[in-house]
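Asks:
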Amino acid sequence: MTPIKSPKKLIEVALPLDDINAACAHEKMPGIGPHPRGIHLWWARRPLAAARAVIFAQMVNDPGYQQGDGFKYGVNKQEAAKKREKLFNILRELVKWENTNNEAVLNQARAAIMESWREICALNKDHPDAAELFNPDKLPGFHDPFAGGGALPLEAQRLGLESYASDLNPVAVTINKAMIEIPPKFAGREPVGPEVASDKTSKKKATKDAFDDWSGAKGLAEDVRRYGAWMREQAQQRIGHLYPKVLVTEAMVAERPDLAPYLGDELTVIAWLWARTVKSPSPAFSHVEVPLASTFILSSKAGKEAYVEPVVQGDSYQFTVKVGTPPESAKGGTTAGKRAAFICLMSGSPVDYKYIRSEGSAGRMGQRLMAIVAEGKKGRVYLSPTDEQLVVAQQARPEWSPEMALPNNPRDFKTPNYGLEKYGDLFTPRQLVALTTFSDLVGEAIACCREDALTAGMADDGVGLDAGGTGATAYAQAVGVYLAFTVDRCADFSNSCTRWVAGNQKVMNLYGKQAIAMTWDYPEAAILENVVGGFYPAADFVAKCIDKLPLIPSRGFVTQQDAQTQIVSSNKVISSDPPYYDNIGYADLSDFFYVWLRKSLRPIFPGLYATMAVPKAEELVATPYRHGGKEGAEAFFLDGMGKAIHQLAEQAHPAFPVTIYYAFKQSETKADGTSSAGWETFLQAVIDAGFAISGTWPMRSEQSERLIGKGANALASSVVLVCNKRAANADSISRRQFIRELNRVLPEALDDMTQGSIDALGISQSAVAPVDLSQAIIGPGMGIFSKYAAVLEADGSKMSVKTALQLINRFLAEDDFDHDTQFCLHWFEQQGWRVGKFGEADVLARAKGTSVAGLQEAGVISAGQGEVQLLKWMELPSDWAPERDNRTPVWEGLHQLIRILNSEGASGAGAMLARLSGKSDAIRSLAYRLYTLCERKGWAQDARAYNELVTAWDAMQSAMADSGQVGESYSLDL
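Under this note's numbering, the first residue of the sequence shown is numbered 1236, with each subsequent residue one higher.
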């Protein structure tokens, strides 16, 4: 077999992590505006910045000198650093959100990819399969076999690759069609729909007409907006009577003088707020349906506070809306804590969850209107319930409801416990009428769009979208796909599991997290109005998100495929974001949307929507309830993921590494390091599939407040594994040889990760964040483990991934510090800040080459009366001067820096750091070590102190420079 000559790729050598991580975090922040992810909700999407950076870096050649495998490539170290920096600069610009559709920036990246590709083709011009594999005028295609929300295929397309996406889930397949397959077919076309009435009267219409730009998918997006407006007008005619205005009467003003400016006005209702009810468990009030209200607060906005006051009259009650500062009791509604659940409004007796479940399961759970939210002249107006509004709500008679049963998955789906067992049970009758009406209107809009397209002169081949059509029929169906997505967006906001947020006074959608939770009070949004949850605002938002798709897209191809058997990957560049063990049950979650999409899109995609529900049997998620428990679920996942990844190892284009994302839901940190059942299982699948892991990159793609700063153990990393097919003739080594190689390779890797660097050109490179360290060190360690056919234990058995991870993690605890610091480190691990016995401290001190008296002299412990205790940073002397201290352990220097950072900020800490000559590296390394220890033990407050010091390190070093003193120069040759 003729070997492939392919230089190492940039992702196997170096990345500007700081810039990528900053761009990912920015993209995850709320308020950045329309984003392709807004076209349709999907769970755990990778940031576009990460996807773009990874694909670029796995396709461009690293310029460093390489020799072997029959070829030479690259330049000397100095020249390579310069060329690498140019690639870094392309990446730095490429990942910025504002450059998402900047063609100048994208063209630079495309040119670098093409240049590398032609170099590879030149190296392999004599390969027997060169005609098939190495055409210098055509880049290989890209494939993601777990396409999900479509971020990776979209960014491959944006970078100029022909993009292929596949997924088993029909909802994911449809999303990917909407992202990469449909837009290129209709790029550059003008809209055909009737202009929105409000646009016709706009003062800027003449200017707008003169500068209309229908490049890319802009015309398609505009038609989604126009036909969305048409659907809203049609719905108003059909169901508008179910959404009446509310008249402000004299009686209302007499009770609420603040309503005087609205006397006689009919206000537009934007939401109705309901509370679920059950019959009182008290025998005296067993005929009364009492409310289960999590809060009575309607608005907590300063100066505009409003709340509900329940008024009990005999054996009945009513809700009255008040304005002004609410009483403390209003915040908790009728709740009584987790165990008691709620309190009966009538009797004060507890209403526990067991009773609520039994009432709900018996079909005896109801609802009561608590308040009406209307649109005022300067914001929201909150009104007490009226009989007229209640009667109208009760008039809704849905003709259709999704009858599919919710899954038996109590971890993620809570409503079946309370009698809401079918998807249709999650909606009020009025919501079902509205969503069914809009679903039916999708088909009507498609028919209108086709006629309008023909009238506008668009040709029609009569071929539908699913069959590859590009004429008026297919175009109208394409518009219909996005309109069906708009219905799904409304369903997410128009169900009885949403929440009313008193702070920003709006509806929060059902899928705020990856589960369907039970809510006790909920808003019913006015779907016909221009508010959150309204249909036209949803259509307008989807249209704006379409505008963020590539302006000059390559072709895209999307199919429904099982990753275990697909052959789409053949000779393609592969980057994929597969399921993470049992973290997210995509099939179960997406059924909520599938029931509505099927109603609208089955005529367009009959094969895709043939089944009543999303396929689940083959879904590669370790779901215990489907596989007879955890063991069966893990065996299923490992076997299936192994087959899927083996497909990638066998089919991937031989000139490029495969990149695979892994995101930690939450670490399971134990005494022997960080482990995770999902992580171990996933790594085992990757290695068994025939891959060697040639690199890992932790990407911090979440918002900073999700880190340990809030005392949570949630990790902020996606780990990107860089994989190459393992050599068929790979050797086996012994456990001893493996540990010896770990000891040789990991010290430099750990140094690189924790120190950051100034590279050959003086450019600052990123360090791995403390919260990511225990994961990041796995990369180089697994690189050693996975390149061999096996690591053999003393008895000849193969070492497990779990054992390898334990050995890798153990290395993290073997840093070399001064003797006093070694004592403090081990004493802290055993005792924390608690008081310990003198005898135990004396034994440990001797073992570490120091003494209790010496530790007292160093100023790191207090000792007396047979007891020893470490001094906390706030107990250390404020007049400390290291120049006058004859014994300054690294431990003391670290905790003095924490004290100064808290009292004087980074500038003061930086000035002190400059005075700690020669200890900077060790102090920072100790901070990482202590952070990992505290995280493992759940000491959140202490972990926060060490994390804050490390995150302030750059600012402290800047302060050192400002003071005219120079610290150590870091070197991180990534």
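We put the CB at the ideal spot given by N, CA and C, even for glycine.
Give the single residue among 1802, 2093, 1514 whose Cα lies nearest to the Cα of residue 1794.
Replies: Nearest of 1802, 2093, 1514 to residue 1794, Cα basis: 1802.
Asks: Could you give the DSSP three-state label for residue 1270: helix, strand or coil?
Replies: Residue 1270: coil per DSSP, three-state reduction.
Asks: Counting along the chain, where does the alpha helix (DSSP H) carrying residue 1837 start and finish?
Replies: Segment: none, residue 1837 is in no alpha helix (DSSP H) and carries neither H nor E.
Asks: Strictly by DSSP, which residues pair up with residue 1557?
Replies: The partner list for residue 1557 (beta bridge, DSSP) reads 1542.
Asks: Relative to the C-alpha of residue 2062, which candidate in 1286, 2168, 1719 has its C-alpha closest?
Replies: When each option's Cα is compared against that of residue 2062, the closest is 2168.
Asks: Suppose the cutoff is 8 Å on Cβ atoms and the five residues either side in sequence are ignored; what does the same chain contact list for residue 1477 look like?
Replies: Here the set comprises 1627, 1628, 1630, 1631, 1665, 1668, 1669.
Asks: Would you call the region 1380-1394 and the region 1362-1369 in contact, with 3 or more CB pairs under 8 Å?
Replies: Output reads no: the region 1362-1369 does not touch the region 1380-1394.
Asks: State the Cα-Cα distance for the pair residue 1225 and residue 1917, rounded to the nearest angstrom.
Replies: Only positions 1236 to 2209 of the chain appear in this structure, which leaves residue 1225 out of reach.
Asks: Whether or not the region 1460-1472 and the region 1759-1772 are in contact is what I'm after, with contact meaning three or more pairs of Cβ atoms, one per stretch, closer than 8 Å; do they touch?
Replies: Yes: at least three Cβ pairs fall under 8 Å.
Asks: Could you give the distance in angstroms between the alpha-carbon of residue 2065 and the alpha-carbon of residue 2034?
Replies: About 30 Å.
Asks: Classify residue 2068 as buried or exposed, calling it buried when 16 or more other Cβ atoms lie within 10 Å of its own Cβ.
Replies: When all chains shown are included, residue 2068 counts as exposed.
Asks: Rounded to whole angstroms, what's the CA-CA distance from residue 1775 to residue 1463? Just pull it up for me.
Replies: Straight-line Cα distance between these residues: approximately 8 Å.
Asks: For residue 1705, which three-state DSSP category applies?
Replies: Coil at residue 1705, not helix or strand.
Asks: Quick one: residues in its chain with C-beta nearer than 6 Å to the C-beta of residue 2126, no 5 flanking neighbours on either side, listed in chain order?
Replies: 2056, 2059, 2095.
Asks: Which same chain residues, not among the five before or five after residue 1804, have their C-beta less than 7 Å away from its C-beta?
Replies: Excluding sequence neighbours, residue 1804 sits near 1378, 1380, 1882, 1883, 1886, 1887.
Asks: Tell me which residues share the same chain as residue 1300 and place their Cβ nearer than 7 Å to its Cβ, disregarding the 5 neighbours each side in the sequence.
Replies: Within the same chain, residue 1300 has close Cβ partners 1309, 1310, 1311, 1315.
Asks: On a CA-only basis, which of 2074, 1330, 2052 is nearest residue 1254? Give me that one, please.
Replies: Closest by alpha carbon: 1330.
Asks: For residue 1715 versus residue 1681, is the C-beta distance shorter than 9 Å?
Replies: Yes, the pair counts as a contact, with Cβ atoms nearer than the cut-off.
Asks: So, helix, strand or coil for residue 2033, using DSSP?
Replies: Residue 2033 falls in the strand class under three-state DSSP.
Asks: DSSP state of residue 1253, grouped into three classes?
Replies: In the structure shown, residue 1253 sits in a helix (DSSP, three-state: H, G or I).
Asks: Please look up how many angstroms separate the CB atoms of residue 1495 and residue 1504, rounded, as I've assumed it's under 8 Å.
Replies: About 20 Å; that fails the 8 Å criterion.
Asks: Quickly, what does DSSP pair residue 1934 with across the bridge? List them, please.
Replies: Residue 1934 pairs with 1953.
Asks: Return the CA-CA distance between residue 1939 and residue 1260, expressed in angstroms with no decimal places.
Replies: Only weak support exists for where residue 1939 lies, its pLDDT of 38 falling under 50; the value from the coordinates is given anyway. Spanning the two alpha carbons is a distance of roughly 8 Å.
Asks: Could you tell me if residue 1320 is buried or exposed, where buried requires 16 or more neighbouring beta carbons within 10 angstroms of its beta carbon?
Replies: It counts as buried.
Asks: Classify residue 1333: buried if its beta carbon has 16 or more other beta carbons within 10 angstroms, exposed otherwise.
Replies: Exposed.
Asks: Out of curiosity, what's the CA-to-CA distance linking residue 2152 and residue 2114?
Replies: Looking at the two C-alpha atoms, the distance is approximately 18 Å.
Asks: Using 8 Å as the cut-off, can you tell me whether the region 1610-1629 makes contact with the region 1530-1542, which would need three or more C-beta pairs spanning the two stretches below that distance?
Replies: The region 1610-1629, when compared against the region 1530-1542, does touch it at the 8 Å Cβ threshold.
Asks: Identify, in the order they occur along the chain, each residue of the same chain with its Cβ nearer than 6 Å to the Cβ of residue 1840, setting aside the five sequence neighbours on each side.
Replies: So the qualifying residues of the chain are 1701.
Asks: By DSSP, does residue 1456 sit in helix, in strand, or in coil?
Replies: The answer is helix: DSSP assigns residue 1456 an H, G or I state.
Asks: Does the distance from the C-beta atom of residue 1587 to that of residue 1575 stay below 9 Å?
Replies: Contact flag set, yes.
Asks: Can you list, in chain order, the residues of its chain whose CB lies under 7 Å from that of residue 1699, leaving out five sequence neighbours each side?
Replies: 1708, 1709, 1712, 1839.
Asks: Please name the residue in 1823, 2142, 2170, 1954 whose C-alpha comes closest to that of residue 2017.
Replies: Residue 1954 is the option with its Cα nearest to residue 2017.
Asks: Around the C-beta of residue 2182, are 16 or more other C-beta atoms found within 10 angstroms, so that it is buried, or is it exposed?
Replies: So residue 2182 ends up on the buried side.
Asks: Below 8 Å on the Cβ atoms is my guess for residue 1241 versus residue 1890; work out the distance and round it to an integer in Å.
Replies: Residue 1241 to residue 1890, Cβ: 4 Å. Contact.
Asks: For residue 2102, name the three-state secondary structure that DSSP assigns.
Replies: Strand.
Asks: For the putative contact between residue 1753 and residue 1649, defined by C-beta atoms under 8 Å, what is the C-beta separation to the nearest angstrom?
Replies: So it is a contact: roughly 4 Å between Cβ atoms.
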